[in-house]
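Sequential numbering of the sequence shown, starting at 1, is according to the UniProt record's numbering.
Just so you know, even glycine gets a beta-carbon here, dropped at the ideal spot from N, CA and C.
Since this is a predicted model, take the numbers as computed values, not measurements.
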Amino acid sequence: MMPNLPDLFGAPPEYPPRSIWQRACSGCGACCAAPDIAALGKPLGVACTHLGAGCRCQIYTERPQVCRSYQPDWVCGEVSALPTLAARVERFLEIYGLDSSGES
Ligand code: SF4
Ligand code: SF4
1 MMPNLPDLFG APPEYPPRSI WQRACSGCGA CCAAPDIAAL GKPLGVACTH
51 LGAGCRCQIY TERPQVCRSY QPDWVCGEVS ALPTLAARVE RFLEIYGLDS
101 SGES
């Protein structure tokens, strides 16, 4: 019998239903640009220096463990359809209540 695992793509009830349609990483680049990543010395809201054209990781096969361990979830449905990386980063930070200006 399989244990009941949490559905990482199930959005919280206050989020609109479009979140449930995305169930995999679309390669939108938001998680490589929005969060701070200590292992890479990457500040909040600044794109990783390894993020290349088309939001592709330029060191994919050598990327650090923190990147390998990152799990796509319902936030991907909130950010990845937005038209620009800047818009995706803004929404990502908004969801987590983070402010890249350092004033939060
Ligand atoms: S935010 Fe989600 S969809 Fe976008 S690159 Fe990261 S894991 Fe993939
Ligand atoms: S190393 Fe690659 S996967 Fe990790 S944050 Fe940078 S661009 Fe993204």
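Check: C-alpha distance - residue 27 paired with residue 85, whole-angstrom precision; Outcome: 11 Å
Check: Outcome for residue 58 when other beta-carbon atoms lying within 10 angstroms are tallied against a minimum of 16; Outcome: exposed
Check: CA nearest to the CA of residue 11, picked from 40, 74, 65; Outcome: 74
Check: Local Cβ density within 10 Å of residue 71, reported as buried at 16 or more and exposed below that; Outcome: exposed
Check: Where residue 57 sits in the DSSP three-state scheme; Outcome: strand
Check: With 16 other Cβ atoms within 10 Å as the buried cut-off, status of residue 22; Outcome: buried
Check: Opening and closing residue of the alpha helix (DSSP H) in which residue 23 lies; Outcome: No alpha helix (DSSP H) contains residue 23, which DSSP labels as neither H nor E.
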